[in-house]
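Visitor: Just add 586 to wherever you are in the sequence shown, counting from 1, and you've got our numbering. Even glycine gets a Cβ: it sits at the ideal position worked out from N, Cα and C.
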Amino acid sequence: MTEMQEAIQAFNRQNISVLVPGEAEYRHAIATANLLFRFSRPECVVQPETPAQVQTIIREAIAGKLKITIKCNGHSYAGHSTAFSGISLDLRRMKNAVLELDSNSVPKTVTMGAGCQWGDVYEKLIIGRHDGYIINGGRCPTVGVSGFILGAGLGPFTRSFGMGADTLAEATIVTANDGIVTVRKTDPPGSWERRLFWALQGAGGGNFGVVVQMKLSVQKLRNLRGMVVAGRYQWFPPSGFTDDVVATMNAFYRTPWPQELTIDTTWICDLRQASNQGGVRFNVSFDGNKVEYDRLITTHIAHPGLQTQLKRRVLAEESSRFLYETLVAQWLEEAERAYPSNKTYELYSSFIFTKASDFEKITAVICERMKFFREKFNGEQVNFLVTWIHAGGKASEFQSTETAYFWRDALFHAYVTVEWVDKWMELDMRLFLASVKKQLRSLSLNEKAAFMNFPDRDFPTKLHEERYFGGNKDELRKVKQRWDPNNVFKWVHGVRRPGDPEEDDTAEEYAERTDKFASEQWAGMF
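What follows is the structure, given as C-alpha cells:
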C-alpha cells in the first residue's frame, strides 16, 4: 500500500471527504478557468469541514511525505492554489460567516471560514440591510477571502480604511508542529504569536500553515445615510489612445484624489472586439455624497466628454445595494472567468506605481505596446489589459514594517493581463508579455516591486521574495523558521527559511517557456 493510499484510508476513517481521479466530483473540484493549468491532476482532493480535520490531513501528509497544495477558492492568477500532484487541500466547505454588528459593547466584526468567498461574507450585510457598514474586502464576489486578506487585500475601500489585512483582528491557523493556533492583533508585541499575526498580514498564504478562520473589523462609512456613490464607465474614444486621451489619463493619475474616493482604471486592447480602437474602463467607489463627487470630477477632469460621463454614469445608492449589485456588475467579466465554462489561457504580471512615478513614461510604454499588439495580432482572439487599482490614502499611512505588506508608498497597483483562446498562441503571448515586463519593471517602485495578490508565476525564485515582500523578507524568514521549521508548507513563491539555498534562475523570467507548465502537468498525470 502506498503512502497516499494509507492517507486516504485515514481520511475516510475520520469522515473527511476525499475525491479521487475518475469521480465526477473530483473533476469539478480540480477544474480551473485558466487553461495554462488544464492538466492539474492531484492524487486526491480532500475537503475538510473543521480545523480538527485539517490537522488530521496535515499530520497524514507529513507522515507520508506527501505534498500539500492549499486551495481556498482557486482564484490565484499564477495557479498557486492549483495542485499538480499530491493532496489538494480544498477548504471550500469551510464557509461559515458570522457578523457581530448589533451589540454596542463589542467591536463590530465578521468571522469568516477560510473557504468563504466575498459574496458569502457581503451577504450578511445585505440580508440584514446594514447600510452604512462595509467589510474591507474584494471587488469580485467569487474571490476567496483567505487569499485576499493573507496577500494584503486591495479593495474598493482600501483608500478609506487601509489594506484588507490592516483590518484583520484575529486568525486561526493549523500549523505543522504546534497544532491549531489562534493569533491576534492584541497579542504581546515581540511574542512569536504576534510575529505570526504580523506575517499573516500580507505574506500568510500557504507559508506558515493552513489558515482556517479569520476575524475582520467591520468599518463604518462616512456618509450619514449609509450611502455609497458608485458606478462604471467604459470610455472608447473613436480614434483610440490619441494624445489628448493619454494626456487626460496622465493628469488623472497625478491628481491628489481624497482618500474617500477610489477610481480604478483598465486600459483595454481587446482584439476580439473589432469595433473599437481601445479604451479605458473606470470603476468608481466613493464614501460620500453625489454632490461632493460631482464637484471633484468637475474640478479634476478637464476633458468635457469624460467629465460628463463620469458624473452621468455614477449613482448614489445604499451600501447594501452597492454590495449586492454594483460590485457584481462592475467586475462581471472577472466573475465569469472564475467558472470553468469560460476558459481561456491567461498570464499576468504586476507593478507598483507611486505619486512620484513618471506617468508619461508608463503610459507611453502602454500605448506603444498596445499599438504593436493590435498590428501584430490583428484577427486573433487575444486580449491585452493594463489594470490600475487605486491605492494610497489610509493604506499609505502605515509604516512598511507595521505589517508584512511592505509597499506602503503604492498609489496604484497595476497588473498586466494577456488572454488568448487558441493554445498555439502561447509562444506569441509569452514573448509579448515579456516585452511589456522588461519595459515596465524599471518604472515600478524600486525597479522591482510587485503585489502578492497579482502574482506572476514566471518570477524567478531568486527574486520573488524581494519583489513581493521588500525589506520584510528577513523577518518573514525568521517567522517561517519558528512556525514551519521543516518546510512542510513549501511552494514555488513561498517564504523561505534562513539559510535555504537560492536557485540561480534569474534568466528564466523572459525565457521562452511555451507549453512548459502543460507539458510538466501532462507528464505527471498518469
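What is the DSSP secondary structure of Ser871, reduced to helix, strand or coil?
Guide: Counting from 1 along the sequence shown, the entry for residue 871 is found at position 285. Reduced to three states, the DSSP call for Ser871 is strand.
Visitor: Name the DSSP beta bridge partners of Met800, please?
Guide: Position 214 of the sequence shown, counted from the start, is the residue given in the question as residue 800. The partner list for Met800 (beta bridge, DSSP) reads Met698, Ala757.
Visitor: Looking at Asn1058: is its Cβ nearer than 9 angstroms to the Cβ of Ala757?
Guide: Reading the sequence shown from its first residue, position 472 is the one you call residue 1058. Reading the sequence shown from its first residue, position 171 is the one you call residue 757. No, the Cβ-Cβ distance between Asn1058 and Ala757 is not below 9 angstroms.
Visitor: Taking only runs that begin and end inside the segment 924-1004, name each unbroken beta strand (DSSP E) of 3 or more residues, in chain order.
Guide: You should have 931-939, 968-976.
Visitor: Do the CB positions of Phe939 and Ile948 come within less than 9 angstroms of each other?
Guide: The residue labelled residue 939 in the question sits at position 353 within the sequence shown. The residue labelled residue 948 in the question sits at position 362 within the sequence shown. Yes; because the gap between Cβ atoms is below 9 angstroms, this pair is in contact.
Visitor: Using 8 angstroms for Cβ pairs, my map puts Glu932 next to Leu740. What's the rounded Cβ distance?
Guide: Locating residue 932 in the sequence shown gives position 346, where the first residue counts as 1. Locating residue 740 in the sequence shown gives position 154, where the first residue counts as 1. Not a contact, Cβ separation roughly 19 angstroms.
Visitor: Among Thr894, Leu896, Gly874, which residue has its Cα nearest to the Cα of Glu904?
Guide: As a first step, residue 904 must be located in the sequence shown, where it is residue number 318. That would be Gly874, whose Cα lies nearest to the Cα of Glu904.
Visitor: Beta-carbon within less than 7 angstroms of Leu675's beta-carbon, same chain only, minus the 5 sequence neighbours each way: which residues are those?
Guide: As a position in the sequence shown, residue 675 is number 89, starting the count at 1. The residues are Val632, Ile643, Ile654, Thr655, Ile656, Lys657, Val796.
Visitor: Whose CA, out of Leu857, Met749, Ala615, Ser982, lies closest to the CA of Trp1006?
Guide: To locate residue 1006, count along the sequence shown from 1; it is residue 420. The residue with the shortest Cα to Cα distance from Trp1006 is Leu857.
Visitor: Using DSSP with H/G/I as helix, E/B as strand and the rest coil, what is Tyr708?
Guide: What you label residue 708 is simply residue 122 of the sequence shown in a count that begins at 1. Correct three-state label for Tyr708: helix.
Visitor: Identify the continuous alpha helix (DSSP H) that holds Gly650 and give its terminal residues.
Guide: Taking the first residue of the sequence shown as position 1, residue 650 is located at position 64. Element bounds for Gly650: 637-650.
Visitor: I'd like the span of the beta strand (DSSP E) that includes Met813, first residue to last.
Guide: For the purposes of this step, residue 813 is identified with residue 227 of the sequence shown, where counting begins at 1. Element bounds for Met813: 813-821.
Visitor: Under three-state DSSP, which class holds Thr588?
Guide: Along the sequence shown, one-based indexing puts residue 588 at 2. Three-state DSSP puts Thr588 in coil, outside helix and strand.
Visitor: In whole angstroms, what separates the C-alpha of Met813 from that of Ala902?
Guide: Taking the sequence shown and counting its residues from 1, one reaches residue 813 at position 227. Taking the sequence shown and counting its residues from 1, one reaches residue 902 at position 316. Going from the Cα of Met813 to the Cα of Ala902 covers about 6 angstroms.
Visitor: Taking DSSP's pairing of strands, which residues face Glu846 in a bridge?
Guide: Numbered from its first residue, the sequence shown carries residue 846 at position 260. In DSSP, Glu846 forms no bridge with anything.
Visitor: Consult DSSP for Thr834 and reduce its assignment to one of helix, strand or coil.
Guide: One-based indexing of the sequence shown puts residue 834 at position 248. The answer is helix: DSSP assigns Thr834 an H, G or I state.
Visitor: Let me make sure I understand the geometry here. Which of Ile673, Gln703, Pro693 has the alpha-carbon closest to that of Arg679?
Guide: For the purposes of this step, residue 679 is identified with residue 93 of the sequence shown, where counting begins at 1. Residue Gln703 is the option with its Cα nearest to Arg679.
Visitor: Sort His661, His666, Gln595 by Cα distance to Glu646 and report the nearest one.
Guide: Residue 646 sits at position 60 when you count from the first residue of the sequence shown. Measuring from the Cα of Glu646, the nearest candidate turns out to be Gln595.
Visitor: With DSSP as the reference, identify every bridge partner of Tyr719, one or two as the case may be.
Guide: Start at 1 with the first residue of the sequence shown, and residue 719 comes out as number 133. Answer by DSSP bridge pairing, in chain order: Lys806.
Visitor: Spatial neighbours of Arg899 within its chain, please: CB distance less than 6 angstroms, with the 5 preceding and 5 following residues excluded, ordered by chain position.
Guide: Mapped onto the sequence shown, residue 899 falls at position 313. So the list reads Gly817, Tyr819, once near-sequence residues are dropped.
Visitor: Give the DSSP-derived three-state secondary structure of Thr768 in the structure shown.
Guide: Translated into positions along the sequence shown, residue 768 becomes position 182. Three-state DSSP puts Thr768 in a strand.
Visitor: Using a Cβ distance threshold of 8 angstroms, determine whether the segment 823-840 contacts the segment 722-736, with at least three qualifying pairs required.
Guide: Flag = no, the segment 823-840 and the segment 722-736 do not touch.
Visitor: How far does the beta strand (DSSP E) with Ile883 in it reach, from first residue to last?
Guide: As a first step, residue 883 is located in the sequence shown; it is residue number 297 there, counting from the start. Per DSSP, Ile883 belongs to no beta strand (DSSP E); it is in the alpha helix (DSSP H), 876-886.
Visitor: Please determine if the segment 1073-1093 and the segment 1031-1047 are in contact, where contact requires at least 3 C-beta pairs separated by less than 8 angstroms.
Guide: Touching, yes, given that three or more Cβ pairs across the two stretches are closer than 8 angstroms.
Visitor: If I'm right that Leu1026 touches Asp995 with Cβ under 8 angstroms, what's the distance once you round it to whole angstroms?
Guide: Working through the sequence shown from its first residue, we reach residue 1026 at position 440. Working through the sequence shown from its first residue, we reach residue 995 at position 409. Actually they do not touch by this definition, with Cβ atoms about 17 angstroms apart.
Visitor: In chain order, what residues of the same chain lie with their CB nearer than 6 angstroms to the CB of Leu847, ignoring the 5 residues before and after it?
Guide: Numbered from 1 along the sequence shown, position 261 holds the residue referred to as residue 847. Closer than 6 angstroms at Cβ, skipping near neighbours: Phe872.
Visitor: If you drop the 5 nearest sequence neighbours on each side, which residues of the same chain put their C-beta closer than 6 angstroms to that of Pro823?
Guide: Position 237 of the sequence shown, counting from 1, holds the residue named residue 823. Same-chain partners within the cutoff: Val831.
Visitor: Would Thr852 and Thr973 qualify as a contact pair, given that the criterion is a beta-carbon distance under 9 angstroms?
Guide: Position 266 of the sequence shown, counted from the start, is the residue given in the question as residue 852. Position 387 of the sequence shown, counted from the start, is the residue given in the question as residue 973. Yes, these two residues count as a Cβ contact at 9 angstroms.
Visitor: Given a threshold of 16 other Cβ atoms within 10 Å of its Cβ, counted over all protein chains shown, does Ser906 qualify as buried or as exposed?
Guide: Position 320 of the sequence shown, counted from the first residue, corresponds to residue 906. Buried, since its Cβ has 16 or more Cβ neighbours within 10 Å.
Visitor: What's the gap between the Cα of Asn598 and the Cα of Glu635?
Guide: Residue mapping note: residue 598 aligns to position 12 of the sequence shown, counting from 1. Residue mapping note: residue 635 aligns to position 49 of the sequence shown, counting from 1. So the two alpha carbons sit approximately 13 angstroms from each other.
Visitor: Here's the rule: buried if 16 or more other CB atoms are within 10 angstroms of the residue's CB, otherwise exposed. What is Leu811?
Guide: Along the sequence shown, read from residue 1 onward, the residue named residue 811 stands at position 225. Checking the sequence, you will find Arg at residue 811 rather than Leu. By the neighbour-count rule (16 or more Cβ atoms within 10 Å), Arg811 is not buried but exposed.
Visitor: Can you list, in chain order, the residues of its chain with a C-beta nearer than 7 angstroms to that of Ser671? Leave out the 5 residues immediately preceding and following it.
Guide: For the purposes of this step, residue 671 is taken as residue 85 along the sequence shown, with counting starting at 1. Result list for Ser671: Pro628, Glu629, Lys653, Gly1110, in chain order.
Visitor: Between which residues of its own chain and Pro926 is the CB-CB distance below 6 angstroms, once the five residues before and five after are set aside?
Guide: Position 340 of the sequence shown, counted from the first residue, corresponds to residue 926. Low confidence applies here, because Pro926 scores a pLDDT of 47, under 50, leaving its location unreliable and the question unanswered by this model.
Visitor: Out of Pro607, Asn809, Gly1085, Val1002, which one is the CA nearest neighbour of Asp1060?
Guide: Walking along the sequence shown from the start, residue 1060 turns up at place 474. Of the listed residues, the one whose Cα sits closest to Asp1060 is Gly1085.
Visitor: Report yes if the CB atom of Val1074 is closer than 9 angstroms to the CB atom of Ile759, and no otherwise.
Guide: Position 488 of the sequence shown, counted from the first residue, corresponds to residue 1074. Position 173 of the sequence shown, counted from the first residue, corresponds to residue 759. In this structure, Ile759 does not lie closer than 9 angstroms to Val1074 by Cβ.
Visitor: DSSP three-state call for Lys657: helix, strand or coil?
Guide: Reading the sequence shown from its first residue, position 71 is the one you call residue 657. Reduced to three states, the DSSP call for Lys657 is strand.
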